[in-house]
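Okay, so here's the structure we're looking at.
Protein chains in written order, with the working numbering: chain V, 1 to 330; chain X, 1 to 330.
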């Protein structure tokens, strides 16, 4: 095993314009459809990893607390996979810090597994190029593949492990879209996205959703290329409602929305009638992301802050990809 | 034209277990799918109609007010159709009174057009048997076909005007299911059901919804026959979420829910975990109907009354079909 044995990395979350919902292979996290997202600068995870011959087991601390059994076993499974690449059996100490609440649909597992993958491979002395790094991160959490890269990112469904990777389609400088995030709940959700993915196929609408996605993906990419929010926005809203319709019609149904979620969803189209151009999307959780341009961000932020049930509003810009940082958490 | 020229009728609303959403013929109100409902006793419309050679035009008063232009033209169009059957051109005075708020998804058009059809045909001296009466009411408002009859009612999609009629599948005495209605909004909805029906086919999921319905309909009928709420309940909830998913994925999307709608939807499954067996459904509106058995009705009613945003709670029993009444409104 090469030095350094210790490394730290930072990664941003991402907001999906076209969603990842449903796997064709759960162990490899091979998705049923290609997806598209914007990496965010404001929602970050920093993770430090140190491999040592003296540890009796992996140690995982997230935001200052021992990881839950579920989180612990996901992290150690990912470490096992990375250890097998480095041909080592050293256990690791992992510390991770998020600047945003976990388990509420802010894609903490995306930034978390992106940062973990970058830090751990570095600490293991593995030299891995970006495309392969996105595939490794994908094994930890599907959407982490996208958080390896900055800006506008597509994760290809591919035909297998080799070609299911993420790629930057436009750099973050291409277009300054802002994501104004209305946090309506910071409680952990009852059903994780991982479990949710398994339910996708129980919706009678799921096959038709999959059929409709390739065309929507092309349209979104064209709209991003043209920096055309008026075209992109309705595509993004329709896509979010499509995914949540799949969730609601799964058996059992998944209802991630809270009352305040709906309060926000109902306002956004009304604001547009008054010239405030924002478009909503939601991940697998109750919080609402509003995509807009810089000149309207302050207005949208202050309107969101006034809505009943909105606890906090975050503003995120297009962010860069995961990278090694010099400061360690321990 | 025969006497009497004046008649009054009373009809109850109905709550659909399997929903009517989307027409194959808008002018005849021929639906894309058969539907199933329970006629309710507590939500009633009384309508008086008088035809007279001395009127220069139809007069329509609903709940003491002149009908809106949209309501007026729907009513006169239906009167024109009924006049053509009676071969008269006398205009009519119509008075109608509802004991519940209009336009909020409580199916006022069902009870309204059922009562109008029964009163007007009587006033026109037409002798019409029940099955045909359901077809006539259907022309005014699709779901009015079901409100002509009492108890558990199926409206057959049929192949044309002749065989798209409603029939009682079980009398109201068969099973005392109660409908506890949480009213979360009494504002009129922005998009009428009539306009919504036209949007149904713009959802990519609509063809699959139609495919799945015949099997669900059979299962529901079997569960009603066995008085098996544990089987019927989840079928009803899934069906409501299916229809609302179609609405949300229409272009433009239709979002009938209010924040308080979601507050109720999230509670019902929680209450079940504690042994309170109620199941939700929603029509094309924000109010939530909770189906339950008499022994749990009081508990559910009082819990609903305590939820934030619930303005009023109504309790409805299985009701009888539309019928002529002796008292007139004018």
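Backbone N, C-alpha and C fix where the C-beta goes; we use that ideal spot for every residue, glycine too.
Contact defined as beta carbons within less than 8 Å: I believe residue i pairs with residue j. What is the distance between those atoms, to the nearest angstrom?
{"i": "residue 151 of chain V", "j": "residue 39 of chain V", "result": "6 Å"}
{"i": "residue 6 of chain X", "j": "residue 48 of chain X", "result": "7 Å"}
{"i": "residue 15 of chain V", "j": "residue 292 of chain V", "result": "That belief does not hold up - the Cβ atoms of residue 15 of chain V and residue 292 of chain V are roughly 12 Å apart, past 8 Å."}
{"i": "residue 121 of chain V", "j": "residue 136 of chain V", "result": "7 Å"}
{"i": "residue 314 of chain V", "j": "residue 100 of chain V", "result": "7 Å"}
{"i": "residue 170 of chain V", "j": "residue 141 of chain V", "result": "The Cβ separation is near 23 Å, so there is no contact."}
{"i": "residue 36 of chain X", "j": "residue 217 of chain X", "result": "6 Å"}
{"i": "residue 264 of chain V", "j": "residue 288 of chain V", "result": "4 Å"}
{"i": "residue 385 of chain V", "j": "residue 317 of chain V", "result": "Here chain V has residues from 1 to 330 only, and residue 385 of chain V is not among them."}
{"i": "residue 254 of chain V", "j": "residue 191 of chain V", "result": "6 Å"}
{"i": "residue 299 of chain V", "j": "residue 268 of chain V", "result": "Contact doesn't hold; Cβ gap of about 12 Å is too wide."}
{"i": "residue 155 of chain X", "j": "residue 34 of chain X", "result": "6 Å"}
{"i": "residue 330 of chain X", "j": "residue 95 of chain X", "result": "5 Å"}
{"i": "residue 17 of chain X", "j": "residue 239 of chain X", "result": "7 Å"}
{"i": "residue 58 of chain V", "j": "residue 28 of chain V", "result": "Wrong, their Cβ atoms sit about 22 Å apart, outside the cutoff."}
{"i": "residue 252 of chain V", "j": "residue 262 of chain X", "result": "Not quite, the Cβ-Cβ distance comes to about 17 Å (not below 8 Å), so this is no contact."}
{"i": "residue 320 of chain X", "j": "residue 172 of chain X", "result": "6 Å"}
Can you name the residues of chain V whose CB is closer than 7 Å to the CB of residue i?
{"i": "residue 263 of chain X", "result": "259"}
{"i": "residue 241 of chain X", "result": "248, 249, 253"}
Enumerate in chain order the residues of its own chain whose CB-to-CB distance from residue i is below 6 Å, with the five nearest sequence positions on each side excluded.
{"i": "residue 257 of chain V", "result": "286"}
{"i": "residue 226 of chain X", "result": "none"}
{"i": "residue 86 of chain V", "result": "124, 126"}
{"i": "residue 11 of chain V", "result": "45, 111, 114, 115, 147, 322"}
{"i": "residue 331 of chain X", "result": "Absent from the model: residue 331 of chain X. The displayed extent of chain X is 1 to 330, so no value can be given."}
{"i": "residue 304 of chain V", "result": "182, 310, 313"}
{"i": "residue 168 of chain V", "result": "149, 151, 153"}
{"i": "residue 213 of chain X", "result": "33"}
{"i": "residue 193 of chain X", "result": "284"}
{"i": "residue 348 of chain V", "result": "Only positions 1 to 330 of chain V appear in the structure, and residue 348 of chain V is not among them; the question remains open."}
Going by beta carbon distance, what residues of the same chain come within less than 7 Å of residue i, once the five residues before and after it are set aside?
{"i": "residue 134 of chain V", "result": "145, 148, 149, 165, 166"}
{"i": "residue 119 of chain X", "result": "7, 8, 9, 47, 48, 49"}
{"i": "residue 231 of chain X", "result": "223"}
{"i": "residue 296 of chain X", "result": "276, 277, 278"}
Which chain V residues are close to residue i, counting only those with a beta carbon under 9 Å from its beta carbon?
{"i": "residue 85 of chain X", "result": "Those within 9 Å of residue 85 of chain X in chain V number zero; the least Cβ separation is about 41 Å."}
{"i": "residue 30 of chain X", "result": "Chain V residues near residue 30 of chain X: none, gap ~24 Å exceeds 9 Å."}
{"i": "residue 133 of chain X", "result": "None at all; the shortest Cβ gap to chain V is about 35 Å."}
Whose Cβ in chain X lies nearer than 9 Å to the Cβ of residue i?
{"i": "residue 251 of chain V", "result": "234, 238"}
{"i": "residue 266 of chain V", "result": "255, 257, 258, 259"}
Could you name the residues of the same chain whose beta carbon sits closer than 8 Å to that of residue i, not counting the 5 residues immediately before and after it, in chain order?
{"i": "residue 71 of chain X", "result": "60, 62"}
{"i": "residue 90 of chain X", "result": "1, 5, 51, 52, 53, 55, 83"}
{"i": "residue 294 of chain X", "result": "176, 178"}
{"i": "residue 163 of chain V", "result": "156"}
{"i": "residue 139 of chain V", "result": "28, 29, 78, 81"}
Starting from the beta carbon of residue i, find every residue of chain X whose beta carbon is closer than 7 Å, and list them in chain order.
{"i": "residue 245 of chain V", "result": "205, 245, 248, 249"}
Does any C-beta atom of chain B lie closer than 7 Å to the C-beta of residue i?
{"i": "residue 113 of chain V", "result": "Within the model displayed, chain B is absent; protein chains V and X are what it includes."}
Inset, instruction - Count the C-beta pairs between the segment 299-311 of chain V and the segment 169-186 of chain V that are closer than 8 Å, then say yes if the count reaches three, no if not. - result: Yes: at least three Cβ pairs fall under 8 Å.
Inset, instruction - Please name the residues in the segment 205-222 of chain X whose beta-carbon is closer than 8 Å to at least one beta-carbon of chain V, in chain order. - result: So the close ones are 205, 207, 208, 209, 211, 212.
Inset, instruction - Answer yes if the segment 199-217 of chain X comes into contact with the segment 201-210 of chain V, meaning at least three C-beta pairs across the two stretches below 8 Å, and no otherwise. - result: yes
Inset, instruction - Would you check if the segment 236-255 of chain X and the segment 18-33 of chain X touch, i.e. whether three or more CB-CB distances between them fall below 8 Å? - result: Contact holds: three or more Cβ-Cβ distances are below 8 Å.
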